[in-house]
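Asks:
Numbering (my numbering), first residue to last: 42 to 439.
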């Protein structure tokens, strides 16, 4: 039976039993892009995340028992806020997509167990502590976070700080190399690195092609689309690959089955409009894409889909099976275009059921007014702002 050291008061014995039972069931469950973490209650979410980590041997690499790993997951979850979008549910969703990328698209053929463990820990913690307001908001309002963590990737740096504290608390991942790589990956989730990561993906394709040409005759004439074994990729190249995979998972909401994609869109738009409301209240200039009186959900979604399409097209060059993401992007674009056309009539007020992800993932309703038009300038800026724009793009990760 699972036993906890740090979180004994947070879960009842029955909840622990439920998690353990579900965990064992999940160990043999097939994963797919159709899995929707938003449909899980909190205990099932723990069981799901735990099973993905154990199936990837993270507990062995980090020298933790399964109970200790669960204890760590609970502590990570506790550090996430109840912002509409940037929650523990988002973190587990990204872990789920990464597991799919590694195991269904064969990334585990060229990443070591250590690489995968670092990648999954970074994914789980990449938005830890996110308050639901962007870096630019932190800087413009001179928040305590901006003052403490600087004006470059403020929230990512904060997430790194919280992650390192938890790793120390749980007495794991002591290696400087491991911690530095986790830090690197979390910082790379700053949307400011989007274009740079496309370049890294293209460079990696070139390296892989070179490796194929120098491989054995069997490899040279193979039709397999998997990359070479990890021994043919340097540690630096594997870290670059981890950045590429993590970013792909982090921006994949638009490239998922419609029902799942729409639910995540509802949440991010709710978070954007909440920031816009706060900026209006403070008589600030409202950030692009966050003014509910100007921007519409379809317009935001279409512009972001256009922004990320080249990234997933580059991913296809690494994994041919990843065309599934492009297929969903194209299909979802049609749905958003249809919704956008419906909003060309005089602006109505549409009541949407928006799922707020909290500890019990309860449903609430909110009224989202839309507008008939969006300026080209605002729409273009929206595409960049969609996830959360970061100031001060760095060419070298910390």
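Positions of the beta carbon are idealized from the N, C-alpha and C atoms, including for glycine. All of these numbers come straight from a predicted model, not from anything done at the bench.
State yes or no: is the C-beta of residue 228 within less than 7 Å of the C-beta of residue 363?
Replies: Against the chain shown, residue 228 aligns to sequence position 187. Against the chain shown, residue 363 aligns to sequence position 322. No, Cβ-Cβ distance for residue 228 and residue 363 is not below 7 Å.
Asks: If we count Cβ pairs, one from each stretch, closer than 8 Å, do we get three or more for the stretch 169-176 versus the stretch 112-125?
Replies: yes
Asks: Indicate whether residue 94 and residue 316 have their beta-carbon atoms separated by less than 7 Å.
Replies: If you number the chain shown from 1, residue 94 lands on position 53. If you number the chain shown from 1, residue 316 lands on position 275. Not a contact, by the Cβ cut-off of 7 Å.
Asks: For residue 323, does the count of other Cβ atoms within 10 angstroms reach 16, so buried, or fall short, so exposed?
Replies: Numbered from 1 along the chain shown, position 282 holds the residue referred to as residue 323. Burial call: exposed.
Asks: Determine the closest residue to residue 301 out of 74, 50, 69, with distance taken between C-alpha atoms.
Replies: On the chain shown, residue 301 is found 260 positions in, with the first residue counted as 1. With distances taken between Cα atoms, residue 301 lies closest to 74.
Asks: Using CA atoms only, rank isn't needed, just tell me which of 284, 206, 134, 274 is closest to residue 238.
Replies: Counted from its first residue, the chain shown places residue 238 at position 197. For residue 238, the closest C-alpha among the options 284, 206, 134, 274 is that of 284.
Asks: Does the Cβ-Cβ distance between residue 162 and residue 223 come in under 7 Å?
Replies: Stepping through the chain shown from its first residue, residue 162 is reached at position 121. Stepping through the chain shown from its first residue, residue 223 is reached at position 182. Yes, they are a contact pair.
Asks: Can you tell me whether residue 372 is buried or exposed? The criterion is at least 16 other CB atoms within 10 Å of its CB, across all chains shown.
Replies: The residue given as residue 372 occupies position 331 in the chain shown. Label assigned to residue 372: exposed.
Asks: When you compare only the Cα positions, how much space is there between residue 90 and residue 133?
Replies: The count along the chain shown starts at 1 and reaches residue 90 at position 49. The count along the chain shown starts at 1 and reaches residue 133 at position 92. Spanning the two alpha carbons is a distance of roughly 6 Å.
Asks: To the nearest angstrom, report how far apart residue 380 and residue 339 are at their CA atoms.
Replies: Within the chain shown, residue 380 is the residue found at index 339, counting from 1. Within the chain shown, residue 339 is the residue found at index 298, counting from 1. Between residue 380 and residue 339, the C-alpha separation is close to 6 Å.
Asks: In whole angstroms, what separates the C-alpha of residue 143 from that of residue 287?
Replies: The residue labelled residue 143 in the question sits at position 102 within the chain shown. The residue labelled residue 287 in the question sits at position 246 within the chain shown. One C-alpha to the other measures close to 11 Å.
Asks: Rounded to whole angstroms, what is the Cα-Cα separation between residue 135 and residue 63?
Replies: The residue labelled residue 135 in the question sits at position 94 within the chain shown. The residue labelled residue 63 in the question sits at position 22 within the chain shown. Straight-line Cα distance between these residues: approximately 20 Å.
Asks: Look at the Cβ atom of residue 103, then the Cβ atom of residue 214, and state whether they are nearer than 7 Å.
Replies: One-based indexing of the chain shown puts residue 103 at position 62. One-based indexing of the chain shown puts residue 214 at position 173. With contacts defined as CB atoms closer than 7 Å, residue 103 and residue 214 qualify as a contacting pair.
Asks: Relative to the alpha-carbon of residue 278, which residue among 240, 313, 69, 290 has its alpha-carbon at the smallest distance?
Replies: In the chain shown, residue 278 corresponds to position 237, counting from 1. Residue 278 has its Cα closest to that of 240, out of 240, 313, 69, 290.
Asks: Relative to the C-alpha of residue 352, which candidate in 367, 129, 304, 120 has its C-alpha closest?
Replies: Counted from its first residue, the chain shown places residue 352 at position 311. Checked all of 367, 129, 304, 120; the closest Cα to residue 352 is 367.
Asks: Between 113, 382, 276, which lies nearest to residue 203 when the distance is taken from Cα to Cα?
Replies: As a working note, residue 203 is residue 162 in the chain shown. Looking only at 113, 382, 276, the smallest Cα-Cα distance to residue 203 is reached by 113.
Asks: Hey, out of 98, 131, 99, whose CA is closest to residue 83's CA?
Replies: Stepping through the chain shown from its first residue, residue 83 is reached at position 42. Of 98, 131, 99, the residue nearest in Cα terms is 131.
Asks: Relative to the alpha-carbon of residue 105, which residue among 321, 326, 212, 128 has its alpha-carbon at the smallest distance?
Replies: Counting from one through the chain shown, the residue named residue 105 turns up at place 64. Residue 212 is the option with its Cα nearest to residue 105.
Asks: Using CA atoms only, rank isn't needed, just tell me which of 197, 45, 246 is closest to residue 273.
Replies: On the chain shown, position 232 is the one that residue 273 refers to. When each option's Cα is compared against that of residue 273, the closest is 246.
Asks: I'd like the ranges of any beta strand (DSSP E) spanning at least 3 consecutive residues and lying wholly in the stretch 91-123.
Replies: none
Asks: Let's test the definition: count the other Cβ atoms within 10 Å of the Cβ of residue 157 and tell me whether it reaches 16, buried, or not, exposed.
Replies: The sequence position of residue 157 within the chain shown is 116, counting from 1. Per the 10 Å Cβ criterion, buried.
Asks: How big is the Cα-Cα spacing for residue 308 and residue 45?
Replies: Within the chain shown, residue 308 is the residue found at index 267, counting from 1. Within the chain shown, residue 45 is the residue found at index 4, counting from 1. Whole-angstrom Cα-Cα distance: 32 Å.
Asks: For the alpha helix (DSSP H) containing residue 331, list its first residue and its last residue.
Replies: Looking up residue 331 in the chain shown gives position 290. It is not in any alpha helix (DSSP H) - residue 331 carries neither H nor E in the DSSP assignment.
Asks: What number of angstroms, rounded off, separates the C-alpha of residue 305 from the C-alpha of residue 233?
Replies: Locating residue 305 in the chain shown gives position 264, counting from the first residue. Locating residue 233 in the chain shown gives position 192, counting from the first residue. Looking at the two C-alpha atoms, the distance is approximately 21 Å.
Asks: Along the chain, where does the alpha helix (DSSP H) that runs through residue 301 open and close?
Replies: In the chain shown, residue 301 corresponds to position 260, counting from 1. Start and end: 299-322.
Asks: Would residue 47 and residue 108 qualify as a contact pair, given that the criterion is a beta-carbon distance under 7 Å?
Replies: Along the chain shown, one-based indexing puts residue 47 at 6. Along the chain shown, one-based indexing puts residue 108 at 67. It is not a contact, given that the beta carbons lie outside the stated cut-off.
Asks: Residue 101: which of 50, 159, 141, 80 sits nearest, CA to CA?
Replies: Residue 101 sits at position 60 when you count from the first residue of the chain shown. Ranking 50, 159, 141, 80 by Cα distance to residue 101 puts 159 first.
Asks: Rounded to whole angstroms, what is the Cα-Cα separation between residue 57 and residue 254?
Replies: On the chain shown, position 16 is the one that residue 57 refers to. On the chain shown, position 213 is the one that residue 254 refers to. Using only the alpha carbons, I get a separation of about 52 Å.
Asks: Who are the near neighbours of residue 243 in its chain, counting only those whose CB is closer than 8 Å to its CB and skipping five residues on each side?
Replies: In the chain shown, the residue the question calls residue 243 occupies position 202. Correct list, in chain order: 355, 358.
Asks: So is residue 326 buried or exposed if we call it buried at 16+ other beta carbons inside 10 Å?
Replies: Taking the first residue of the chain shown as 1, we reach residue 326 at position 285. It is exposed - the Cβ of residue 326 has fewer than 16 other Cβ atoms within 10 Å.
Asks: Given a threshold of 16 other Cβ atoms within 10 Å of its Cβ, counted over all protein chains shown, does residue 51 qualify as buried or as exposed?
Replies: Sequence index remark: in the chain shown, residue 51 carries index 10 (1-based). Burial call: exposed.
Asks: Here's a check: name, in chain order, each residue in its chain whose Cβ is nearer than 6 Å to the Cβ of residue 68, leaving out the five neighbours to either side.
Replies: In the chain shown, counting from the first residue as 1, residue 68 sits at position 27. Closer than 6 Å at Cβ, skipping near neighbours: 92.
Asks: Let me check understanding here. Comparing Cα to Cα, which of 137, 329, 155, 141 lies closest to residue 165?
Replies: For the purposes of this step, residue 165 is identified with residue 124 of the chain shown, where counting begins at 1. The candidate whose alpha carbon is nearest that of residue 165 is 137.
Asks: Put residue 168 into one of helix, strand or coil per three-state DSSP.
Replies: Here residue 168 corresponds to residue number 127 of the chain shown, with the count starting at 1. Residue state, collapsed to three classes: coil.
Asks: Can you tell me whether residue 167 is buried or exposed? The criterion is at least 16 other CB atoms within 10 Å of its CB, across all chains shown.
Replies: On the chain shown, residue 167 is found 126 positions in, with the first residue counted as 1. That one is buried.
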